[in-house]
């Protein structure tokens, strides 16, 4: 009877590939021709062309020549570009995602290439345009109007010119997701009263200059099927002088938003992130008006009333962000970690170690990202190993950030959890999924701790911390980490 090697089956190899990084996929190409045929399309699915001078080290650093790109263009689904050049091919038969950075002040020809590039790739579903500080070319908007499958648009650090605003709003009618970050519109821009954006499920407004808060509120109100909303409004000054809106007007519309949520204007809304100056009462109105809460940023408006309103959503809560620092908030955060089994991301302020030790066991064992500062009084530092034991149970953790002590606690609780081996760090050896680890700028890591992390956290990509070591050893460690593909970030002192 002939034995079959499971690795000879393409389906098995594809399952294995889901757990491999790009360097590992490249090694798989060299095993044999059948492996080469399996893994080559996976390597070319995501490609980057060009390098940004301002970007941190990232996956977008592949060195791809025009000739190589041309020979593999049929495999590319996700293309990231920093300043395009006419040397490269324009057509990609399978492309679905295009991320185009013009880099403000880059070659004018790069911006002119964008419209032909989009015109030749009608399969595009997601388009991200960044750094068009001199305005996005009129031809781009005309081409986008005819793009049949476009469902997601992101614009950042760019200008939309007056002649293109009608085209922009028309394009938005067919989108499912829209992100605007530091985008400038002509003064007074607002959608037409009769427009309705029924398809938009996800909307992120991070500073849309020229569009007053009333116009932004009207836009949000015209998206009845919103499921995910992020809204940050900045008081901006026009070149002609004067604020677009005053603070009273802004606060009025944020409170109006809270009331509209309470009236169930957006029945599908399940994810909300907002910056506003409303009261905790308004926060409760928002939470109670949402039929289901999966992700929410409560900012500084988190207290007993908000906690009580949130309780009915605990089983569904996936992401929570709060910035409140108080002894009451510490107990509430501890209770959340004991009550939210689906929680994957938690960003909070300071939590008293005694609240954790005296509280119920954590049930949020699916946590992937945690940002919290565990603090101790002078007589409680012996509790550190117990906190590490609690953290050790979060075996799915990929990101861990230990922040600074809130000013409310600094007099009474002066000590943070020390990520040192003598304090119990070794208990975290089972957190093998750890990708990113950070401590605050006045926390220091020693050589032993850094070498320990290198051994036990095999998936690490970055560590952010100051180092309690001499310059020679620090340089040696930085080179060692760099050779493993790990970035060692230091704070400026």
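Numbering (the working numbering), first residue to last: -16 to 476. No residue lacks a Cβ here, since even glycine has one placed at the ideal position from N, Cα and C. A quick note: this is a predicted structure, and the numbers were derived from the prediction, not measured.
- In the DSSP assignment, residue 412 falls outside any beta strand (DSSP E), carrying neither H nor E.
- In the DSSP assignment, residue 189 forms a beta bridge with 164 and 215.
- Boundaries for residue 14: no beta strand (DSSP E) harbours it, and the DSSP string shows neither H nor E there.
- From the listed residues 161, 130, 306 and 332, the smallest Cα separation to residue 138 is found for 161.
- Between the segment 241 to 253 and the segment 199 to 210 there are three or more C-beta pairs closer than 8 Å, enough to call the two in contact.
- Burial check for residue 2: the Cβ neighbour count within 10 Å stays below 16, so the residue is exposed.
- Residue 360: not part of any alpha helix (DSSP H); DSSP gives it neither H nor E.
- Here the alpha carbon of residue 121 sits roughly 10 Å from the alpha carbon of residue 148.
- Annotation: residue 283 is outside any alpha helix (DSSP H) and is labelled neither H nor E by DSSP.
- The DSSP-derived three-state label of residue 334 is strand.
- Put simply, the segment 9 to 22 does not touch the segment 49 to 69. Fewer than three CB pairs are less than 8 Å apart.
- Residue state for residue 442 is assigned as coil, using DSSP reduced to three classes.
- Each of -7, -6 and 23 was checked against the Cα of residue 6, and the nearest Cα belongs to 23.
- Counting the other CB atoms within 10 Å of its CB gives residue -4 a total of 16 or more, which places it among the buried residues.
- In terms of Cβ geometry, residue 182 and residue 158 form a close pair [threshold 8 Å].
- Contact between residue 452 and residue 430 holds: their C-beta atoms lie close to 5 Å from each other, under 8 Å.
- The C-beta separation of residue 379 from residue 416 comes to about 6 Å, placing the pair in contact by the 8 Å criterion.
- In this structure residue 328 touches residue 351 by the C-beta definition: roughly 6 Å separates them, less than 8 Å.
- Scanning its chain for C-beta atoms nearer than 6 Å, with the 5 sequence neighbours on each side dropped, one finds around residue 143 the residues 151 and 168, in chain order.
- By the CB criterion at 8 Å, residue 444 and residue 400 fall outside the cutoff.
- If you look at residue 305, you'll find it in the beta strand (DSSP E) that goes 302 to 305.
- Shown here, residue 235 sits in a helix according to DSSP, grouped into three states.
- Within the DSSP bridge table, the entry for residue 258 names 215 as partners.
- Note that the C-beta distance between residue 193 and residue 170 is below 8 Å.
- Annotated three-state conformation of residue 457 is helix, per DSSP.
- For residue 55, the CB contacts under 7 Å within the same chain, skipping 5 residues up- and downstream, are 27 in chain order.
- Looking at the DSSP output, residue 113 shares a beta bridge with 84 and 139.
- Spanning the alpha carbons of residue 0 and residue 420 requires a straight line of approximately 26 Å.
- For residue 180, no alpha helix (DSSP H) segment is defined, and its DSSP state is neither H nor E.
- Across the set 464, 448 and 455, the C-alpha of 464 shows the shortest separation from the C-alpha of residue 434.
- Beta-bridge pairing by DSSP links residue 173 to no other residue.
- Straight across, the Cα-Cα distance linking residue 241 with residue 268 is about 6 Å.
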